[in-house]
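A.B. asks:
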Amino acid sequence: MPRRYRHRPALAALALLSACALASAGEPMHYAIDPVHTRVMFEIDHAGFSKAIGTLSGSTGSLQFDEGDWSTAKLDVTLPMQRLDMGDSGWSASVFAPRFLDVQRYPQARFVSTRVERLQDNRGTVCGDFTLRGVTRPLCMQFKLNRIARYPLPPFRHTAGFSATATLKRRDFGITAWQSLIGDAIELRIEAELTRSKGDDRREAPAAGTATR
Numbered sequence: 200m201p202r203r204y205r206h207r208p209a210l211a212a213l214a215l216l217s218a219c220a221l222a223s224a225g226e227p228m229h230y231a232i233d234p235v236h237t238r239v240m241f242e243i244d245h246a247g248f249s250k251a252i253g254t255l256s257g258s259t260g261s262l263q264f265d266e267g268d269w270s271t272a273k274l275d276v277t278l279p280m281q282r283l284d285m286g287d288s289g290w291s292a293s294v295f296a297p298r299f300l301d302v303q304r305y306p307q308a309r310f311v312s313t314r315v316e317r318l319q320d321n322r323g324t325v326c327g328d329f330t331l332r333g334v335t336r337p338l339c340m341q342f343k344l345n346r347i348a349r350y351p352l353p354p355f356r357h358t359a360g361f362s363a364t365a366t367l368k369r370r371d372f373g374i375t376a377w378q379s380l381i382g383d384a385i386e387l388r389i390e391a392e393l394t395r396s397k398g399d400d401r402r403e404a405p406a407a408g409t410a411t412r
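Using our numbering, read the sequence shown as starting at 200 and increasing by one per residue.
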């Protein structure tokens, strides 16, 4: 083979790899919520004596997220209301009742984002439509991107971790029972971990444990 053609296959392969890298750069990565490591905590005034605290586990959903352009992010989360825990079976049953959350008729709540804005550093705001007890209202959450990195244990999946807070009014969702006993404002705190889809994980494979935040 003449010398001028000898390196063409290698150059073609290099060009193909470079094109693939450029094609993937700037594209959003796809994540799924890890229900084991995601928890929603809420608190609400209890007759002025204390803040009643409950938690909700088992959330599922998806996130499209480009670290370079947060405005393109899309979040869709479903919350199983039967997994709500008030720390006491009797109290939880009262909250599940028709006059409050009515979980038999409305077993799920859902949040679908409509806008994501990066504020500074690793903090931002995500706004969207929140559906609870069959009623949909706008809701905005303040969030912090804690870290994106490969998880240090097998199967070493890329993991994104977020913390978020929000406030909603229960009357906005038709929950008006116990007004003399239970407050109207509900403070939310969310701790979430999400794992990258296998296809996106193969697209980008830095060394294990490398953090981008």
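We put the beta carbon where it would ideally sit given N, CA and C, even for glycine.
With contact counted as at least three CB pairs below 8 Å, one residue from each stretch, are the region 277 to 292 and the region 391 to 399 in contact?
C.D. replies: Counting Cβ pairs under 8 Å, fewer than three are found: no touch.
A.B. asks: Output the distance between the C-alpha atoms of Thr-330 and Arg-336, rounded to the nearest integer angstrom.
C.D. replies: Approximately 6 Å between the Cα atoms of the pair.
A.B. asks: Taking only runs that begin and end inside the region 365 to 406, name each unbroken beta strand (DSSP E) of 3 or more residues, in chain order.
C.D. replies: With a minimum length of 3 residues, the continuous beta strand (DSSP E) runs that stay inside the region 365 to 406 are 381 to 395.
A.B. asks: Can a CB atom of chain D be found closer than 8 Å to the CB of Phe-295?
C.D. replies: No chain D appears in this structure, which consists of one protein chain only.
A.B. asks: By how many angstroms is the C-alpha of Gly-247 removed from the C-alpha of His-229?
C.D. replies: Their backbone Cα atoms lie some 43 Å apart in a straight line.
A.B. asks: In the DSSP assignment, the alpha helix (DSSP H) including Val-294 goes from what residue to what residue?
C.D. replies: Looking at the DSSP string, the run of the alpha helix (DSSP H) that includes Val-294 is 288 to 295.
A.B. asks: Between Arg-282 and Gln-341, what straight-line distance do the alpha-carbon atoms span, to the nearest angstrom?
C.D. replies: About 24 Å.
A.B. asks: Given a threshold of 16 other Cβ atoms within 10 Å of its Cβ, counted over all protein chains shown, does Lys-397 qualify as buried or as exposed?
C.D. replies: Burial call: exposed.
A.B. asks: Determine the closest residue to Arg-238 out of Phe-361, Ile-385, Thr-366, with distance taken between C-alpha atoms.
C.D. replies: If we check each option's Cα against that of Arg-238, Phe-361 comes out closest.
A.B. asks: Determine, using beta carbons only, whether Leu-318 and Gly-327 come nearer to each other than 8 Å.
C.D. replies: Contact flag unset, no.
A.B. asks: Within the continuous beta strand (DSSP E) that includes Asn-321, where are the two ends?
C.D. replies: Segment: none, Asn-321 is in no beta strand (DSSP E) and carries neither H nor E.
A.B. asks: Give the secondary structure of Gln-307 by DSSP, where H, G and I count as helix, E and B as strand, and everything else as coil.
C.D. replies: The answer is strand: DSSP assigns Gln-307 an E or B state.
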